[in-house]
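Residue numbers (this note's numbering), protein chains in the order written: chain S, 1 to 415; chain F, 1001 to 1415; chain U, 2001 to 2415; chain G, 3001 to 3415.
Number of protein chains: 4
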Amino acid sequence: MEILGGPLYGVAGAGESHGPAITTIVFGCPPGLRISRQGIQRYLDRRRPGSSKHGTPRREQDRLILLSGLYQADTDRLTAGAPIRVGDADQALTVPSYDEGYCSGEPVAALVLSSSKRPQDYEQFAGPEGEVRPGHTDLVKHHQSRGYADPRGGGRSSYRSTISDVIAGSIARIFLREHFRTVILSSICQVGPLKSSLTLADRLEDMQGPGSRSCSPDALENLEDSLEGSEIHTLDPTFARSAAEAIRETRRKGDSLGASIEVAAVNPPPLVGEPLYQSLKLRLMGSLGGLHAVQSCEIGAGSAAVERRGSENNDPIRRSGYQGNRHGGLLGGVTTGSPLICRVGFKPTSSILRPQQSVRKNLKEIEFKLKMGRHDPCVGIRAGITLESRLAIELMNAVLMHQSRRLDLKAHQLF
Amino acid sequence: MEILGGPLYGVAGAGESHGPAITTIVFGCPPGLRISRQGIQRYLDRRRPGSSKHGTPRREQDRLILLSGLYQADTDRLTAGAPIRVGDADQALTVPSYDEGYCSGEPVAALVLSSSKRPQDYEQFAGPEGEVRPGHTDLVKHHQSRGYADPRGGGRSSYRSTISDVIAGSIARIFLREHFRTVILSSICQVGPLKSSLTLADRLEDMQGPGSRSCSPDALENLEDSLEGSEIHTLDPTFARSAAEAIRETRRKGDSLGASIEVAAVNPPPLVGEPLYQSLKLRLMGSLGGLHAVQSCEIGAGSAAVERRGSENNDPIRRSGYQGNRHGGLLGGVTTGSPLICRVGFKPTSSILRPQQSVRKNLKEIEFKLKMGRHDPCVGIRAGITLESRLAIELMNAVLMHQSRRLDLKAHQLF
Amino acid sequence: MEILGGPLYGVAGAGESHGPAITTIVFGCPPGLRISRQGIQRYLDRRRPGSSKHGTPRREQDRLILLSGLYQADTDRLTAGAPIRVGDADQALTVPSYDEGYCSGEPVAALVLSSSKRPQDYEQFAGPEGEVRPGHTDLVKHHQSRGYADPRGGGRSSYRSTISDVIAGSIARIFLREHFRTVILSSICQVGPLKSSLTLADRLEDMQGPGSRSCSPDALENLEDSLEGSEIHTLDPTFARSAAEAIRETRRKGDSLGASIEVAAVNPPPLVGEPLYQSLKLRLMGSLGGLHAVQSCEIGAGSAAVERRGSENNDPIRRSGYQGNRHGGLLGGVTTGSPLICRVGFKPTSSILRPQQSVRKNLKEIEFKLKMGRHDPCVGIRAGITLESRLAIELMNAVLMHQSRRLDLKAHQLF
Amino acid sequence: MEILGGPLYGVAGAGESHGPAITTIVFGCPPGLRISRQGIQRYLDRRRPGSSKHGTPRREQDRLILLSGLYQADTDRLTAGAPIRVGDADQALTVPSYDEGYCSGEPVAALVLSSSKRPQDYEQFAGPEGEVRPGHTDLVKHHQSRGYADPRGGGRSSYRSTISDVIAGSIARIFLREHFRTVILSSICQVGPLKSSLTLADRLEDMQGPGSRSCSPDALENLEDSLEGSEIHTLDPTFARSAAEAIRETRRKGDSLGASIEVAAVNPPPLVGEPLYQSLKLRLMGSLGGLHAVQSCEIGAGSAAVERRGSENNDPIRRSGYQGNRHGGLLGGVTTGSPLICRVGFKPTSSILRPQQSVRKNLKEIEFKLKMGRHDPCVGIRAGITLESRLAIELMNAVLMHQSRRLDLKAHQLF
């Protein structure tokens, strides 16, 4: 079943690139957590095509509609969301959607309609004679489904499915921030061969006070603002400029570029994470490493740890905490309180305008040339928010798992 | 997580009684299965309040909107469903919904808006001073959620949540009927103290040919028609009349009645069902027995088997099949091909107009009197379709589980 | 996967009737819970064939071996369990097993070897010419597995698999008793046509003080002792005598009898249980109703509720609690604090000595006569402990689920 | 719950480093698959400490005992495994274990006793004054469990837990090899700063015939033999020698080294793998990337893809298959039939003999010096078999998931 996270906090998603909508159900939102449409929309806006000038030219409004799981006594404020109407004018039904309220503990459902669809862009790919885009799922999904897959825009395999990830991630990070001051960030650190000279891991190390291992809320807020203000969501303004130029240049050539992103949870709740087979490390490597177009995932020192000796790689421990973060915030899959840090590598966007060798779905060989269609020349540019969201979902689930083992008898008082 | 069925075929649901909508995601619809909005709407109409003259006076349109998981090359027919509009006129977005297509194998999402809400009906129950309806979840849900539960109409505990069950059940029964000629039926066999003189179990026994254990499609269709035409969805017209009269009488008195329903899958696929801890018997007893207001669930001979001797209760076996169906179509949790038969007992509707002893949510004692609100005097009247749906979901999942153990190498041909 | 309960507290089981052992892994035992081999063995002894003079003559030692998930600093006491030796004398490896310790939070594994096996008893059933016992899984399991099922003693479908249920249930009830004074009991209330004149539901009602809804520990201990001392684990000594006589008489005739059992959790933790699709009612109906040979399961008033009017069936509520327990301790699948009460109906044992019409596995018709083999003339006699165990497992899981929603920041203190 | 893989093929494990045994239950073994103790033991022997001269000096016999889920008519051959005895001589029970048989479809349980334990090695770490080994889970597991974790040898976090992975992986690879000629291999490609000059990815590319994308069974067998014969399980003999020397040198210095391993499934079944949230890519990245001591996981071109342009990175497609394997055998999480290839990076072993800054569990600062204990100077040396096993488990589960969507009506024939 199409569930990300869980068993306590997780999200179910549905919807294809060119279908009517992406539908999302979030499970496990703690009763009493206050959320608003705007608080989630803010993150959805970062995911949206068109939100970056270097992303796809596709423009989507991606307006969030909340449909369940919230309540507050002031039902006027509760139901101040945009109205939904179903049916034609003469026999339509219109209902208001939710704007703001407290989680009731029941599943939170959300809808995002898909506005900008040009079916003619995808006629090239339809049916058994449809052409196969190299690097995409067209061929395998067609044969796996015996021809019934939706060929429009990659169907469900479209990056548009990550709307569900971001909605669930947003609720999780609101919870984590409120209770633990956890802040989740990402920074692009490589675009094609260009590398950032600053890393998030180093910056966070610098931000910690000498006697303390946590980062101040103010400093984190500044860091967030500076990342959001950056041209390509990176710490390093020099790198941002050269990467942006490389992307523009690559787009002109009809080609594409890979990218690498650091993602971090700062001030994560310590001591959460299951052991072994469901460890938080396993879950994060899967969730981040399993995202569209990802080819590599690292935690802490990552592949650089291979070259080190144990005496260099073990982080010393003092009363104030771990003196270094080569472990990346996880030991044995349990959080240490140091920032949780991953680095994720994306392949260059598969859709390019240059001619390529390919086949039709029936395996007839062709010289493939993409006729039309919108796409990102560098998928990494937009992916940070999704990585942040997936990290938040897994961290949230781990917190609830850990809480389940703490017995609070007051939770059972009725009469 | 709010999932019914699974892990291969299951449904996630969200939405409260008085919220904007019930949202549903169905997982595991086999690629290539043709479904239409109308094919599902037909079953939803049976569930709808107001569909029976003996049910609640609440009127809901319960119009099904399909949002994902379908495709066909003729996208005009695919997208011939009702349009959905989000936002106010000046900045609205309108998209068409799906009407008919083949399952792509991806999750099928569906939306049903909630039209008929009168919030003033439920002011009596809001807040910590809110009154507690005996027999309802008001008190426990309030304290379990520390006051954050949605009090309107029972919130998520409302019977309205079963829209999701019916949508998923409908797709399952379309599949089961197409491939196995499986037909799923129910018949009310008791209302209060009044009992039907005909049982579905006996009728199905009679319908089987002497040398065969399966029922003819024509005979089953007639049986379905006769049940759907019945005043209260029962085989027995005499019983239907007296039960209908008893319900009217009880409604006049402001009281309510229990009911008992037989539900059956005729011509079920043989040999499906997991062993022991996930056995189809365990799953069915849970899914049917766990429905709102249910207090008992029986399979086959049910509690009557207790009084029998083994020599009376074992069904003899001949080359043509089991000669009797005291086992109810399941042995060791595996289907034998005999009709799968359960009987489910519902308590009388908890909402009554008579005064009762109760408390406020803060435990202050009160003399409770229901002020307003719509309700069924006998919840059993509408429950048959939900039981049928839950049976279909579990049976479908069991078929897929069984198939997973049959290796078909042709399923792996690509190049 | 063969998992009972979960996702937080659950048990995985493996092992066939005539295989070397039943293997059990229990997940979710809370760190710090003290358990001992003897504390679990006590319940296993109640399950064991031969523990009742009315059960099967098969004698099994059913000695519990604990292999993981426990620890205490005094490793001598920790490892004071029976030694296990693997291999022949000359190259054997012997290790001690665990006797007593604190749960570490890691999975608890347990082994119970199977001693008393007479393979010649089951030659009648082996291979494609093997005979099919009416009422058993022989035929369906053979064809479902394409001939690879273990035919000896019913293979995995044997009641012997319930050893895993009892081990997991024992740990759960130790936890529930320690923290909530919850006591889990069962009483046989019907054997064939004979009914007990006392019910557990009534007795528990009587035991509650006038101003209180909970039962005193002393009174409960007396009740437990009296049930364990009873000839057939029932409250009613007169019924016990006549039922025992009926069982003896039935055994002489080579026939078998059904039975019905009440099972209850007294002083259950209030406010636990998920809503709807994973509700505690759904889980209990499935887990209890899905046990071997069960044909019916009822909660609270059960099928008797069908005949009642709402004004009779709703339990009044006062400041001290629910004034009656027709709801059986659950409303909307959430515990109210009133005793959780179910009644479960078992069919008569399928194995009888009388001749019956049957087939071979290849469907050749035969006159079937059981040649040898040990069996219970009334499976209900031994089933109470398994029902109690399954109830404990589900209740324990529900407690942990509820706790997961209570945030205790102290659980995250490290540095 | 401690489950790896699933929902159709998965494994539950239990057992700590210094406990009596590792207990394993494997779910979803297809009925009819023939397995033998020896066929699994062969892989367990590769995992065993002491199996490599460069691994830990700890010597374990790791003798596999099979306890359930197998059957064959020749019960003498079935039960020809080593005998297990429980209890002291005077009241012991001895049963034979399984040696060889066909999977019945029921769970396969296995036991591996732990022989070589020297508790005095770990006194240094016990109790609240116990010392914390940098890089290990000692501190977080102690506080997460509120002091109840088993401190001996890392408790459940020990690498010894991977016995369960290897047992389940072995059964999976027997199935995959039998039906698809799938062969699963690994090769160490880096030890500390030393890199192999040959990669498994390149070698497999070379082994494919010009018109075909599959590798011949003979060539694969030779490759397997050469890997198993290698001093450190690598393709490159020159690298093997220098890496072995580096490991010896590092051991002398009391320090440790990281390593990197390529793992591949050659001739994998095409078209398997779920979409998106449970995609085979997500599952593999999690399962391989979540193993003890892993800090990075890559698929196909891995992090090298970041630097490429799309026109370089997309693999061309011809009628015969993908002309290159930068995609690593997965597109959109679905297998293409090209070898599935991952590369996994391990940190240097955390246990070193050099002094380090650390704390006691109560956070008192200490200069930490490991007193005794056995360990690998380079954990990567033994990890290949576990990576292969985890890959096999996920691939097997994906095959069963794919099969579940293919309807074979013959699977339902009974009467």
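Glycine residues also receive a C-beta, built at the ideal position from the N, C-alpha and C atoms.
- Message: Checking 9 angstroms against the spacing of the C-beta atoms, do Val-1306(F) and Gly-2155(U) come in under that value?
- Response: Translated into the one-based positions of the second sequence, residue 1306(F) becomes position 306. Translated into the one-based positions of the third sequence, residue 2155(U) becomes position 155. Not a contact, by the Cβ cut-off of 9 angstroms.
- Beta-carbon proximity list for Gln-2208(U), same chain, < 8 angstroms, skipping 5 on both sides: For the purposes of this step, residue 2208(U) is identified with residue 208 of the third sequence, where counting begins at 1. The residues are Ser-2214, Cys-2215.
- Query: To the nearest angstrom, how far is it from the Cα of Arg-354(S) to the Cα of Asp-376(S)?
  - Reply: Position 354 of the first sequence, counted from the start, is the residue given in the question as residue 354(S). Position 376 of the first sequence, counted from the start, is the residue given in the question as residue 376(S). Approximately 15 angstroms between the Cα atoms of the pair.
- Query: By the criterion of Cβ-Cβ separation under 7 angstroms, what are the contact partners of Leu-4(S) in chain G?
  - Reply: Stepping through the first sequence from its first residue, residue 4(S) is reached at position 4. Among the residues of chain G, those whose CB is under 7 angstroms from the CB of Leu-4(S) are Tyr-3277, following chain order.
- Message: Residues of chain F with CB closer than 8 angstroms to the CB of Lys-2281(U), please, in chain order.
- Response: To locate residue 2281(U), count along the third sequence from 1; it is residue 281. Those are Gly-1289, Gly-1290, Val-1294, listed as they occur along chain F.
- Query: Does Phe-27(S) get closer than 9 angstroms to chain G when you measure Cβ to Cβ?
  - Reply: For the purposes of this step, residue 27(S) is taken as residue 27 along the first sequence, with counting starting at 1. No, because no Cβ of chain G sits closer than 9 angstroms to the Cβ of Phe-27(S).
- Task: Anything in the region 1342-1360 of chain F with a Cβ closer than 8 angstroms to a Cβ of chain U? List those residues in chain order, please.
- Result: Gly-1345, Phe-1346, Lys-1347, Pro-1348, Thr-1349, Ser-1350, Ser-1351, Ile-1352, Arg-1354, Gln-1356, Gln-1357, Ser-1358, Val-1359
- Selected residue, minimal CA-CA separation from Leu-3078(G), among Ser-3350(G), Arg-3034(G), Ser-3158(G): Position 78 of the fourth sequence holds residue 3078(G). Among Ser-3350(G), Arg-3034(G), Ser-3158(G), the Cα nearest to that of Leu-3078(G) is on Arg-3034(G).
- Where Gly-1081(F) falls, given that 16 or more other Cβ within 10 Å makes a residue buried: Numbered from 1 along the second sequence, position 81 holds the residue referred to as residue 1081(F). That one is buried.
- Message: Checking the sheet assignment: what are the DSSP bridge partners for Gly-5(S)?
- Response: Mapped onto the first sequence, residue 5(S) falls at position 5. In the DSSP output, where bridge partners are listed per residue, Gly-5(S) has Gly-10(S).
- Closest by CA to Glu-2274(U), which one among Gly-2229(U), Leu-2331(U), Ser-2358(U)? Taking the first residue of the third sequence as 1, we reach residue 2274(U) at position 274. Selected option, being the one with the closest Cα: Leu-2331(U).
- In chain order, what residues of the same chain have a beta carbon less than 8 angstroms from the beta carbon of Ile-2022(U), not counting five sequence neighbours either side? Residue 2022(U) sits at position 22 when you count from the first residue of the third sequence. Result list for Ile-2022(U): Gly-2013, Ala-2014, Gly-2015, Leu-2111, Val-2112, Ser-2114, Arg-2160, Ser-2161, Ile-2163, Ser-2164, in chain order.
- Helix, strand or coil at Glu-1443(F) [DSSP, three-state]: This structure leaves residue 1443(F) out entirely; chain F is present only between 1001 and 1415.
- Taking only the alpha-carbon atoms, compute the straight-line gap between Ile-2341(U) and Ser-3351(G) and give it to the nearest angstrom. In the third sequence, the residue the question calls residue 2341(U) occupies position 341. In the fourth sequence, the residue the question calls residue 3351(G) occupies position 351. Distance between the alpha carbons of Ile-2341(U) and Ser-3351(G): 54 angstroms.
- Message: Distance cutoff 9 angstroms, beta carbons only. Does Glu-3106(G) sit that close to anything in chain U?
- Response: Taking the first residue of the fourth sequence as position 1, residue 3106(G) is located at position 106. For Glu-3106(G), the answer is yes, since a Cβ of chain U falls inside 9 angstroms of its Cβ.
- Near-chain S residues of the region 1058-1078 of chain F - C-beta to any C-beta below 7 angstroms: Gln-1061, Arg-1063, Ile-1065, Leu-1067, Ser-1068, Gly-1069, Tyr-1071, Ala-1073, Thr-1075
- Along the chain, which unbroken stretches of the beta strand (DSSP E) at least 3 residues long are found entirely within the region 1293-1363 of chain F? 1294-1299, 1340-1346, 1356-1359
- Task: Compare the beta carbon distance of Gly-1321(F) and Ala-1301(F) with 9 angstroms and say whether it is the shorter of the two.
- Result: In the second sequence, the residue the question calls residue 1321(F) occupies position 321. In the second sequence, the residue the question calls residue 1301(F) occupies position 301. Cβ atoms of Gly-1321(F) and Ala-1301(F): not closer than 9 angstroms.
- Whole-number beta carbon distance between Ile-2084(U) and Ile-2065(U), since they are thought to touch under 8 angstroms: If you number the third sequence from 1, residue 2065(U) lands on position 65. If you number the third sequence from 1, residue 2084(U) lands on position 84. Yes, they are in contact, since the Cβ atoms of Ile-2065(U) and Ile-2084(U) sit about 6 angstroms apart, within 8 angstroms.
- Message: Below 9 angstroms on C-beta distance, what does Asp-3236(G) contact in chain S?
- Response: Your numbering for residue 3236(G) matches position 236 in the fourth sequence. By Cβ distance, chain S contributes nothing, its closest Cβ being about 16 angstroms from Asp-3236(G), past 9 angstroms.
- Query: Considering Phe-3368(G), what are the terminal residues of the beta strand (DSSP E) in which it resides?
  - Reply: One-based indexing of the fourth sequence puts residue 3368(G) at position 368. Where Phe-3368(G) is concerned, the enclosing beta strand (DSSP E) stretches over 3365-3368.
- Collapsed DSSP secondary structure at Gln-1144(F) in the structure displayed: Numbered from 1 along the second sequence, position 144 holds the residue referred to as residue 1144(F). Three-state DSSP puts Gln-1144(F) in a helix.
- Output, in sequence order along the chain, the residues in the region 2384-2412 of chain U whose CB is closer than 9 angstroms to any CB in chain S. Val-2399, Leu-2400, Met-2401, His-2402, Gln-2403, Ser-2404, Arg-2405, Arg-2406, Leu-2407, Asp-2408, Leu-2409, Lys-2410, Ala-2411, His-2412
- Could you tell me whether any Cβ in chain U is nearer than 9 angstroms to the Cβ of Thr-3023(G)? For the purposes of this step, residue 3023(G) is taken as residue 23 along the fourth sequence, with counting starting at 1. Yes, its Cβ sits closer than 9 angstroms to a Cβ of chain U.
- Any chance the CB of Glu-221(S) is under 8 angstroms from a heavy atom of the ligand ZN? The ligand ZN is not among the ligands present in this structure, which contains no ligands whatsoever.
- Item | Cβ-based contacts, 7 angstroms cut-off: residues of the region 1201-1213 of chain F near chain A | Looking at the structure shown, chain A is missing, and the protein chains on hand are S, F, U and G.
- Is DSSP giving Gly-2258(U) helix, strand or coil here? Translated into positions along the third sequence, residue 2258(U) becomes position 258. Coil, per DSSP.
- Query: Using DSSP with H/G/I as helix, E/B as strand and the rest coil, what is Ser-3197(G)?
  - Reply: Taking the fourth sequence and counting its residues from 1, one reaches residue 3197(G) at position 197. When DSSP states are grouped into helix, strand and coil, Ser-3197(G) belongs to the coil group.
- Message: Closer than 9 angstroms between beta carbons: that is the criterion. Which residues of the region 1126-1156 of chain F meet it against chain S?
- Response: Ala-1126, Gly-1127, Leu-1139, Val-1140, Lys-1141, His-1143, Gln-1144, Ser-1145, Arg-1146, Gly-1147, Tyr-1148, Ala-1149, Asp-1150, Pro-1151, Arg-1152, Gly-1155, Arg-1156
- Go through the region 2028-2089 of chain U residue by residue and report every complete run of the beta strand (DSSP E) that reaches 3 residues or more, in order. 2034-2036, 2083-2086
- Item | For Val-2272(U) and Ala-2398(U), believed in contact at Cβ under 8 angstroms, the rounded distance | Numbered from 1 along the third sequence, position 398 holds the residue referred to as residue 2398(U). Numbered from 1 along the third sequence, position 272 holds the residue referred to as residue 2272(U). Right, their Cβ atoms sit about 4 angstroms apart.
- Message: Judging by CA-CA distance, which residue of Leu-3407(G), Ile-3184(G), Gly-3324(G) is the nearest neighbour of Glu-1178(F)?
- Response: Here residue 1178(F) is taken as the residue at index 178 of the second sequence, counted from 1. The shortest Cα separation from Glu-1178(F) among Leu-3407(G), Ile-3184(G), Gly-3324(G) belongs to Leu-3407(G).
- List the DSSP bridge partners of Gln-3190(G). The sequence position of residue 3190(G) within the fourth sequence is 190, counting from 1. Beta-bridge pairing links Gln-3190(G) to Lys-3195(G), Ser-3260(G).
- Does the beta carbon of Leu-1113(F) come closer than 9 angstroms to any beta carbon on chain S? In the second sequence, the residue the question calls residue 1113(F) occupies position 113. Yes, its Cβ sits closer than 9 angstroms to a Cβ of chain S.
- Query: Hey, would you say Thr-2425(U) sits closer than 9 angstroms to Cys-2189(U), going by beta carbons?
  - Reply: Look at the range of chain U in this structure, 2001 to 2415, and you will see that residue 2425(U) is not part of it.
- Comparing the C-beta of Asp-3088(G) with each C-beta of chain U, is any distance below 9 angstroms? Numbered from its first residue, the fourth sequence carries residue 3088(G) at position 88. Asp-3088(G) counts as touching chain U.
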